[in-house]
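Shown next, in structure tokens, is the structure this report addresses.
Number of protein chains: 2
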Amino acid sequence: MACRNALLEAKGDMEKAAQILKQRNLLRVESKAKRSTTQGLIEAYIHTGGRIGAMVEVNCETDFVARTDEFKALAYNLAMQVAAIPPQFISPEEIPEGADVEPQTACLLLQPYIKDLDKTVQDIIAETIAKVGENIRVSRFARFELGR
Amino acid sequence: MACRNALLEAKGDMEKAAQILKQRNLLRVESKAKRSTTQGLIEAYIHTGGRIGAMVEVNCETDFVARTDEFKALAYNLAMQVAAIPPQFISPEEIPEGADVEPQTACLLLQPYIKDLDKTVQDIIAETIAKVGENIRVSRFARFELGR
Chain Y
224 MACRNALLEA
234 KGDMEKAAQI
244 LKQRNLLRVE
254 SKAKRSTTQG
264 LIEAYIHTGG
274 RIGAMVEVNC
284 ETDFVARTDE
294 FKALAYNLAM
304 QVAAIPPQFI
314 SPEEIPEGAD
324 VEPQTACLLL
334 QPYIKDLDKT
344 VQDIIAETIA
354 KVGENIRVSR
364 FARFELGR
Chain G
224 MACRNALLEA
234 KGDMEKAAQI
244 LKQRNLLRVE
254 SKAKRSTTQG
264 LIEAYIHTGG
274 RIGAMVEVNC
284 ETDFVARTDE
294 FKALAYNLAM
304 QVAAIPPQFI
314 SPEEIPEGAD
324 VEPQTACLLL
334 QPYIKDLDKT
344 VQDIIAETIA
354 KVGENIRVSR
364 FARFELGR
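Those sequence lines, one after another, are chains Y and G. Start counting the first sequence at 224; every next residue gets the next number (our numbering). Start counting the second sequence at 224; every next residue gets the next number (our numbering).
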């Protein structure tokens, strides 16, 4: 229905319709950004051989959404992301003033998403927010690498 | 062979023989305590429902031992232990002077082992050391509980 409306509004122009849809999703995501997230999942990912491990806490608004496949997949993919590219912070707001870091590598949310490098981690979280209709937040992560 | 020798030495007294064996294992464990541990495993345990998760780094001396079933089981059980009884420290040496904590709860190594409350976590690590013949050390842990 949303697609049909966007196509009508774009007078059949597919590219324009996609743009309209993306903009709408963004607005929906932003409208949820202030909602409190007290439910969620702890998820872990151990890389083959057990030399690298990562654990994340991902929060949403209700236990119902926490138990959906979309949310579970997001939590798992985020744990895998942390194992693959070690972040120092979750978001750029956490970077201490004057710190010499590259935000696109140091901040989990700004990192390129390992399974689709054209997107950022923030993008795939926004996609899940649009799908499940709840605010989603990564509240913490831990990453262990053998002997480091 | 070790059992037979202990029995001979104890002149057939089973209880005394068990005592001798335990003492010998302890000596073997102590003789390994100074050996460096650079290999090992990162292991995680997520409690049912994803509300609690724990991750540990357990080290041994060689990659060969890290890949044994005994060592893997130890790492898994230690992650489960951390999820079940939240430790603050690994060993009593880490407790800051004057801190008001109960070492038997606060230190992972002194906690009663969740799968056999007659033993401590240190005991089951010592048992694995005796089995695999290498020094074993827990070097760090992380524990996440939803919303805490």
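Built from N, CA and C at the ideal position, the CB exists for glycine as well. Predicted model, so just to flag it, every value in this text is computed and none were measured.
* To do: Using three-state DSSP, classify residue 203/G as helix, strand or coil.
  => No answer is possible for residue 203/G: it lies beyond the span of chain G, which begins at 224 and ends at 371.
* Own chain, CB closer than 7 angstroms to residue 315/G, minus 5 neighbours either side, in chain order -> Cβ neighbours of residue 315/G beyond the five flanking positions: 326, 330 and 333.
* **Straight-line gap, residue 241/Y to residue 311/G (C-alpha atoms, nearest Å)** => The straight-line gap from Cα to Cα measures roughly 51 angstroms.
* Asked: Going by the beta-carbon positions, is the gap between residue 282/Y and residue 347/Y smaller than 8 angstroms?
  -> Contact: no.
* Cutoff 6 angstroms; reference residue 278/Y; Cβ partners in own chain excluding five residues on either side -> Correct list, in chain order: 267 and 365.
* Asked: Which runs of the beta strand (DSSP E), 3 residues or longer, sit entirely within the segment 317 to 370 of chain G?
  -> Within the segment 317 to 370 of chain G, the complete beta strand (DSSP E) segments at least 3 residues long are 339 to 343 and 360 to 368, listed from N- to C-terminus.
* Give every residue of the same chain whose Cβ lies closer than 7 angstroms to the Cβ of residue 289/G, excluding the five residues on either side of it in the sequence, and list them in chain order. => 262, 263, 264 and 283, listed in sequence order.
* Taking only beta-carbon atoms, is residue 278/Y less than 8 angstroms away from chain G? -> It does; some Cβ of chain G falls within 8 angstroms.
* Asked: With burial defined as no fewer than 16 other Cβ atoms inside 10 Å of the residue's Cβ, what is the status of residue 303/G: buried or exposed?
  -> That one is buried.
* Do residue 244/G and residue 226/G come within 8 angstroms of each other at the CB atom, strictly closer than that value? -> The Cβ atoms of residue 226/G and residue 244/G sit closer than 8 angstroms to each other.
* Beta-carbon neighbours of residue 367/G, restricted to chain Y and to distances below 7 angstroms -> Going along chain Y in sequence order, the residues near residue 367/G (Cβ under 7 angstroms) are 265, 278, 280 and 363.
* Asked: What does residue 258/G reach in chain Y if we use C-beta pairs closer than 7 angstroms?
  -> Neighbours of residue 258/G on chain Y: none; closest Cβ ~15 angstroms, over 7 angstroms.
* Asked: So which residues of chain G does residue 360/Y contact, with C-beta pairs closer than 7 angstroms?
  -> Under the 7 angstroms cutoff, chain G gives no residues; its nearest Cβ is about 11 angstroms from residue 360/Y.
* Counted within 10 angstroms of its Cβ, other Cβ atoms place residue 256/G as buried (16 or more) or exposed -> The C-beta of residue 256/G has fewer than 16 other C-beta atoms within 10 Å across all chains shown, which makes the residue exposed.
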